[in-house]
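For what it's worth, my numbering labels the leading residue of the sequence shown as 2, then goes sequentially. Okay, so here's the structure we're looking at.
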Amino acid sequence: MTSVSVVLERCGILLEGPHWDDDSQCLYFIDYINGAVHRWNPETQNHETRTIGDRVSSVVTTRTPGVLCITTKHRFVFLDWESGLVTHIAEIDQDRPENHLNDGKCDSMGRFWAGTVGPLETPTKVKPKQGSLFRLDGDGSVTKHVDGVDISNGMCWSHDYRTMYYIDSLSGRVDAFDYCLETGGLSNRRPAVEIPNQEGFPDGMTMDTEGMLWVACFDGSKVNRYNPQTGEKLQTVRFPCSYVTSCCFGGKNLDTLYVTTSNDGLGDQKLREEPLAGSLFKALHIRYNVCRDSTEV
2 MTSVSVVLER CGILLEGPHW DDDSQCLYFI DYINGAVHRW NPETQNHETR
52 TIGDRVSSVV TTRTPGVLCI TTKHRFVFLD WESGLVTHIA EIDQDRPENH
102 LNDGKCDSMG RFWAGTVGPL ETPTKVKPKQ GSLFRLDGDG SVTKHVDGVD
152 ISNGMCWSHD YRTMYYIDSL SGRVDAFDYC LETGGLSNRR PAVEIPNQEG
202 FPDGMTMDTE GMLWVACFDG SKVNRYNPQT GEKLQTVRFP CSYVTSCCFG
252 GKNLDTLYVT TSNDGLGDQK LREEPLAGSL FKALHIRYNV CRDSTEV
């Protein structure tokens with residue numbers, strides 16, 4: 002039976018973007034509101050943070066040990082973990098200064114995909130269709146692939162990299178694209194999983210080795226497992242807080258599901274009812290083999 006426990010209690014406000022680094026056996030994740038990148042070593046129990054003086058929305062490792070690629074409010078940057086040095090790579094949405102970058106992830110060729118969100122009034126109320134999905138290539142160039150997005154969120158790829166799965170949260174679904182690994186091109190967008198309102202808003206996601214999607218349900222207190230070929234919900238893992246934001250597999254055997262949560266915008270009453278909101282959780286005894294997300298820029 003799957004068991005859920007707290008890894009780091011109330012360690013931030015809006016935790017997001019968990020990313021497992023197999024080389025260092027560490028989990029990276031971010032706190033958007035505090036502009037912090039966190040690093041957690043489950044073996045040593047060592048927890049470190051770095052702040053950069055700007056909002057931070059996603060993190061991936063690079064081929065250079067100790068150097069991360071992160072997204073800030075409007076930029077892709079490198080962060081040297083030891084020195085704290087931040088190096089600019091590229092800037093997006095200069096004509097839309099109220100937008101901000103959100104979830105991001107790499108494909109197996111090292112392309113860093115990240116999307117934007119328009120001006121937010123609440124965590125789920127946004128100026129519509131202001132966001133986009135971008136791709137950062139190794140030469141530092143940025144390409145816009147999808148426009149008219151509400152809240153750009155989770156993404157992952159099928160094991161053969163012929164399909165990219167993508168979440169625009171307010172659509173209430175996971176979409177699939179045909180994906181060209183050679184060029185990074187997208188085509189043939191179609192719905193893969195429809196997620197009813199009562200489940201919450203689809204947020205971050207990952208994939209297991211059976212090709213099933215694990216989707217964090219914001220304002221739903223859960224992570225659901227879906228079959229993207231049929232749209233069927235296969236499993237639910239529940240958490241003691243409403244705002245479940247994202248998930249990834251990690252640990253020595255990649256058999257721990259790490260899950261981030263948020264307390265941003267909950268309100269005083271909800272905060273009293275959900276004292277663990279804003280914690281990092283883990284779920285153990287997942288019945289399925291798991292896989293790592295693509296890791297490096």
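Positions of the beta carbon are idealized from the N, C-alpha and C atoms, including for glycine.
- Fully contained in the stretch 240-296 are the following beta strand (DSSP E) runs of length 3 or more, in chain order: 245-251, 257-262, 281-285.
- I71 and V61 have their C-alpha atoms some 6 Å from each other.
- For the beta strand (DSSP E) assignment, the uninterrupted runs of no fewer than 3 residues enclosed by the stretch 29-87 are, from N- to C-terminal side, 37-42, 47-52, 57-62, 68-73, 76-81.
- Judged by DSSP in its simplified three-state form, S188 adopts strand.
- In the DSSP assignment, K106 falls within the beta strand (DSSP E) that extends over 101-107.
- In this structure G279 is in contact with L16, their Cβ atoms being roughly 6 Å apart against a cut-off of 8 Å.
- The C-beta of C181 has fewer than 16 other C-beta atoms within 10 Å across all chains shown, which makes the residue exposed.
- Per the DSSP secondary-structure output, C218 pairs in a beta bridge with P203, K223.
- D23 and G266 have their C-alpha atoms spaced approximately 33 Å apart.
- DSSP, reduced to helix, strand and coil, places L182 outside both helices and strands of the structure shown, so it counts as coil.
- Under the 10 Å beta carbon count, L272 is surrounded by fewer than 16 other beta carbons and is classified as exposed.
- Around the C-beta of Q270, fewer than 16 other C-beta atoms lie within 10 Å, and the residue is accordingly described as exposed.
- In the three-state reduction of the DSSP assignment, N198 falls in the helix class, which pools H, G and I.
- When only Cα atoms are considered, V238 and T3 end up about 8 Å apart.
- With respect to A91, G105 sits apart: the two C-beta atoms are not nearer than 8 Å.
- The three-state secondary structure of S159, taken from DSSP, is coil.
- Out of G141, Q131, V127, I93, the CA that lies nearest to the CA of R112 is found in G141.
- The three-state reading of DSSP puts S25 in coil, since its state is none of H, G, I, E or B.
- Put simply, the backbone Cα of R226 is about 4 Å away from that of W215.
- A direct Cα-Cα distance of roughly 30 Å separates L281 from P129.
- Taking C-beta separations shorter than 8 Å and ignoring five residues to either side along the sequence, the partners of I34 in its chain run G13, I14, L15, R56, D265, following chain order.
- Pairing D161 with G268, the inter-Cα distance amounts to about 43 Å.
- The beta carbon of T50 lies closer than 6 Å to those of A37, H39 in the same chain, with the five residues before and after it left out.
- Per the DSSP secondary-structure output, G116 pairs in a beta bridge with L134.
- The beta carbon of W41 sits closer than 6 Å to those of L28, H48, all from its chain and outside the five residues before and after it, given in chain order.
- Taking the Cβ atoms as the reference, Y259 lies roughly 5 Å from G251, within the contact range of under 8 Å.
- For the pair D96 and T45, the Cα-to-Cα distance works out to about 45 Å.
- It is roughly 24 Å from the alpha-carbon of G186 to the alpha-carbon of E195.
- Residues of the same chain with a CB within less than 6 Å of the CB of R11, apart from the 5 flanking positions on each side, are G279, S280 in chain order.
- The continuous beta strand (DSSP E) containing S4 extends over residues 4-9.
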